[in-house]
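Residue numbers (full-length UniProt numbering): 1 to 55.
From the three backbone atoms N, C-alpha and C, an ideal C-beta is built for every residue, glycine too.
See below for the structure under consideration.
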Amino acid sequence: MEIALFLCLRCSVLLFPIFFALVWLGYLSTVNGIVIIFLPVKSLLLALSSYFAPG
1 MEIALFLCLR CSVLLFPIFF ALVWLGYLST VNGIVIIFLP VKSLLLALSS YFAPG
């Protein structure tokens, strides 16, 4: 029983960084997706505003 508990604890200690890394990668990819969507829109708006701006 103690051996099984020890193995489970070891397994969870090993799996926690992997789980944390996967969550962090998912968060980063979501943030990057938002940035990738908004960057062309922002540059397009800047181009349009500079095109339509007087002078």
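Range covered by the alpha helix (DSSP H) that runs through residue i
| i | result |
| --- | --- |
| residue 71 | Any answer about residue 71 is impossible in this case: the structure gives the chain only from 1 up to 55. |
C-beta neighbour in chain B for residue i, strict 7 Å
| i | result |
| --- | --- |
| Leu46 | Protein chains in the displayed structure number just one, and chain B is not present. |
Check: residue i C-beta below 6 Å from any heavy atom of the ligand GDP
| i | result |
| --- | --- |
| Thr30 | This structure lacks the ligand GDP, and indeed carries no ligand of any kind. |
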